[in-house]
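What follows is a single structure, written as structure tokens, with notes after it.
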Amino acid sequence: MGIVIKQSFINTLILFLGFAIGGLNVLFLYTHFLEEDYFGLITFLLSTANILMPLLVFGMQHTIIKFYSSYKTLKEQDSFLVSTLLLPLFVIIPLAFIGTYFYNSIANWLSVENPLIKNYTYLIFIVAVFMGYFEVFYSWTKVQFKSIFGNFIKEIFARVCTSFLLFAVYLNWLSNDEFIYGVVIVYGLRTLIMKLYAFYVYRPKFIFKLPQNLKEILSFSGYIIIAGSASGVLLEIDKFMIPQMEQIAQVAYYSVGVYIASVIAIPTRAMQQITTPITAKEMNENNMVEVEDLYKKTSLNLLIIGGLLFLLINLNITDLYAIINKPEFTNGIWIVFIISITKLVELSLGTGNAILVNSKYYKIYFYLSIAMALSVIFLNKWFIQLIGINGAALATFIVVFMYSFIKIMYINAKIKVQPFGLNTLKVLLSITLIYVVFYFWNFNFHPIINILLNSCFIIVLYIVVVNKLNISNDLKELVLKFVRKN
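Spelled out as structure tokens, the structure:
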């Protein structure tokens with residue numbers, strides 16, 4: 078776990094910094110500097126691009142992770158990497174022509190409820206290409222176990238640039254319309270920087286030769302692009318569907334709630350940068366003892382860290398919205414709670430998804446992803462009409478909980494490993510107990526003072542409880558090292 082803990086720790090710090098900057102943007106700059114309709118618009122464009130992205134790059138970001146370590150010679154690895162750059166063009170170019178031909182029909186369909194979307198529809202495709210190739214180059218560096226710089230560019234660069242753009246809108250240097258195009262340019266620059274760094278880390282010889290296992294690669298990629306798109310649907314479809322049934326400003330309110338809750342996902346996003354390629358390597362070498370050990374440790378440690386974040390967010394949420402000082406955005410308080418629980422469920426999976434994708438049973442990931450996407454679309458349509466934007470959050474929770482349970486059971490049945498133990502129960506009981514205790518604990522100071530005081534008490538109590546119950550040796554050693562250094 079040495080390299081995992083080290084890089085995960087640094088990546089976690091980067092993600093927290095990125096989320097802090099993003100929090101400044103989403104909670105304050107977007108809400109006060111940009112018109113609500115344009116806030117909803119940029120959220121819609123980026124979310125739709127995320128859904129489209131896996132298809133455009135033919136799932137190559139996942140294909141690199143799975144197959145790179147299986148090649149034993151440098152020549153084979155170089156040939157494979159070059160192929161991952163060129164194969165997506167066989168999807169991107171035809172779709173560009175098709176999209177151009179049917180552009181008016183697509184734009185009219187997307188803008189039925191909100192005409193503002195129509196003039197910006199083509200940007201979805203451009204941003205999706207930028208996002209896709211960014212992930213491809215990022216995967217190049219991941220398989221070299223160099224995930225930190227890419228994580229920095231992904232999480233911090235775009236958000237800092239967005240902050241500058243939002244201030245430019247506030248100072249009337251840019252219009253709301255020009256801001257949208259500015260964000261697209263930022264995503265293009267982000268991809269260019271990632272490309273240059275990927276070549277700096279490792280520059281393959283550009284001799285194009287199709288890999289000998291091309292059929293296997295295409296089969297895997299074919300399943301993964303659909304599964305990836307389906308996963309994108311699960312993550313982003315709510316922001317896509319809300320404008321089809323509600324005013325586009327509702328996307329802004331929903332996005333703020335989801336963003337706050339998504340802080341809980343920081344640990345898993347940080348750890349996955351390094352655990353996914355390690356899991357792929359161990360699976361390729363059939364080292365199931367290490368796979369199981371990583372599975373159990375990541376599940377437990379992520380649940381511990383995520384549990385603390387869950388408490389800090391949900392026990393301070395009223396004061397946080399008071400600081401935002403936009404009453405219409407308080408519609409998202411229940412969204413924060415529901416999505417927070419959803420993120421805890423995802424954290425408990427540990428490396429489960431990586432095990433599925435990199436095993437011979439990867440096709441089940443495809444079928445489960447499709448089922449999840451269809452389920453969340455159906456439930457979104459039902460619940461959004463029934464209870465508005467809170468319904469979108471509820472739909473996400475139901476689908477994630479149900480299919481996470483199925484994934485865990487399937488991995489246990491086929492690979493004979495599962496992530497839970499007595500310590501898992503201890504963590505869940507600790508989170509529940511502390512939540513109940515502090516739910517009725519209120520300070521009557523300024524919201525910022527309330528949050529600081531509340532957070533200090535929560536953190537101290539949580540650390541004491543986790544330490545006394547001796548739940549995780551990895552985190553205990555990490556804390557002890559930090560204490561000794563300071």
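One rule links them: number in the numbering used here = place in the sequence shown (from 1) + 77. Where a beta carbon is used, it is the ideal one built from N, C-alpha and C, also for glycine.
* Could you work out which residue in I526, P171, S224 is closest to V134 when comparing CA atoms only? => Here residue 134 refers to the residue found at position 57 when the sequence shown is read from its first residue. Closest option to V134, Cα to Cα, is P171.
*Check whether T419 and L371 have beta carbons under 8 Å apart*: Numbered from 1 along the sequence shown, position 342 holds the residue referred to as residue 419. Numbered from 1 along the sequence shown, position 294 holds the residue referred to as residue 371. It is not a contact, given that the beta carbons lie outside the stated cut-off.
TODO: Output the boundary residues of the alpha helix (DSSP H) element that contains Q138.
DONE: In the sequence shown, counting from the first residue as 1, residue 138 sits at position 61. Run containing Q138: 137 to 144, per the alpha helix (DSSP H) assignment.
By the three-class DSSP mapping on this structure, what secondary structure does K358 have?
Sequence index remark: in the sequence shown, residue 358 carries index 281 (1-based). Here K358 sits in helix by DSSP.
Determine the DSSP secondary structure at T428, reduced to helix, strand or coil. As a working note, residue 428 is residue 351 in the sequence shown. In this structure, T428 counts as coil in the three-state DSSP scheme.
(Q) With a threshold of 8 Å between beta carbons, is K152 in contact with chain D? (A) Going by chain labels, chain D is absent from the structure shown, which holds only one protein chain.
Next on the checklist: Give me, in chain order, the residues of the same chain whose beta-carbon lies closer than 6 Å to that of Y180; leave out the 5 immediate sequence neighbours on both sides.
Outcome noted: Position 103 of the sequence shown, counting from 1, holds the residue named residue 180. Counting only Cβ-Cβ distances below 6 Å, and skipping sequence neighbours, we find nothing.
* Where does F443 fall in DSSP's three states? -> Within the sequence shown, residue 443 is the residue found at index 366, counting from 1. Correct three-state label for F443: helix.
DSSP three-state assignment for M78, whether helix, strand or coil: Start at 1 with the first residue of the sequence shown, and residue 78 comes out as number 1. Note that M78 scores 47 on pLDDT, short of 50, meaning its location in the model is unreliable; the coordinates nonetheless yield the value given after this. Three-state DSSP puts M78 in coil, outside helix and strand.
For I412, name the three-state secondary structure that DSSP assigns. As a working note, residue 412 is residue 335 in the sequence shown. I412: helix per DSSP, three-state reduction.
Alpha carbons only, please: which of S224, S156, G299 is nearest the one belonging to Y442?
For the purposes of this step, residue 442 is taken as residue 365 along the sequence shown, with counting starting at 1. Considering only alpha carbons, the answer is G299.
Check your understanding: Quick one: Cα of T120 to Cα of N547, how far?
Key -> Stepping through the sequence shown from its first residue, residue 120 is reached at position 43. Stepping through the sequence shown from its first residue, residue 547 is reached at position 470. Rounded to the nearest angstrom, the two C-alpha atoms are 42 Å apart.
**Prompt:** Is I230 closer than 8 Å to I466 when the C-beta atoms are compared?
**Reply:** Position 389 of the sequence shown, counted from the start, is the residue given in the question as residue 466. Position 153 of the sequence shown, counted from the start, is the residue given in the question as residue 230. For I466 and I230, no; Cβs fall outside 8 Å.
Among the residues of its own chain, which have a CB less than 7 Å from the CB of G409, if the five just before and after it don't count? The count along the sequence shown starts at 1 and reaches residue 409 at position 332. Closer than 7 Å at Cβ, skipping near neighbours: Y330, Y331, V333, G334.
Inset, instruction - Specify, as a first and last residue, the run of the alpha helix (DSSP H) that H109 falls within. - result: For the purposes of this step, residue 109 is identified with residue 32 of the sequence shown, where counting begins at 1. Here the alpha helix (DSSP H) through H109 covers 107 to 110.
Opening and closing residue of the alpha helix (DSSP H) in which W518 lies: Residue mapping note: residue 518 aligns to position 441 of the sequence shown, counting from 1. Premise fails: W518 is in no alpha helix (DSSP H) and is neither H nor E.
Requested in this report: Inspect the beta-carbon positions of M360 and L379 and report whether they are closer than 8 Å.
Outcome: Stepping through the sequence shown from its first residue, residue 360 is reached at position 283. Stepping through the sequence shown from its first residue, residue 379 is reached at position 302. Cβ distance not < 8 Å, so M360 and L379 don't count as in contact.
Return the chain-ordered list of same chain residues with a C-beta closer than 7 Å to the C-beta of T395, the five sequence neighbours on each side being excluded. The residue given as residue 395 occupies position 318 in the sequence shown. Result list for T395: empty, nothing under 7 Å.
(Q) Just verifying my parser: in three-state terms, what is the DSSP assignment at I400? (A) Mapped onto the sequence shown, residue 400 falls at position 323. Three-state result, I400: helix.
| Cβ shell of S240 (< 8 Å), same chain only, five flanking positions each side left out | Translated into positions along the sequence shown, residue 240 becomes position 163. Once the five neighbours on either side are set aside, the close Cβ partners of S240 are I98, L101, N102, L106.
Taking Cβ to Cβ, would you say V476 is nearer than 8 Å to V453?
As a first step, residue 476 must be located in the sequence shown, where it is residue number 399. As a first step, residue 453 must be located in the sequence shown, where it is residue number 376. It is a contact, given that the beta carbons lie within the stated cut-off.
Taking the straight line between their C-alpha atoms, what separation do you get for L613 and A126?
What the structure shows of the chain is the stretch from 78 to 563, and residue 613 is not part of that stretch, so it cannot be assessed.
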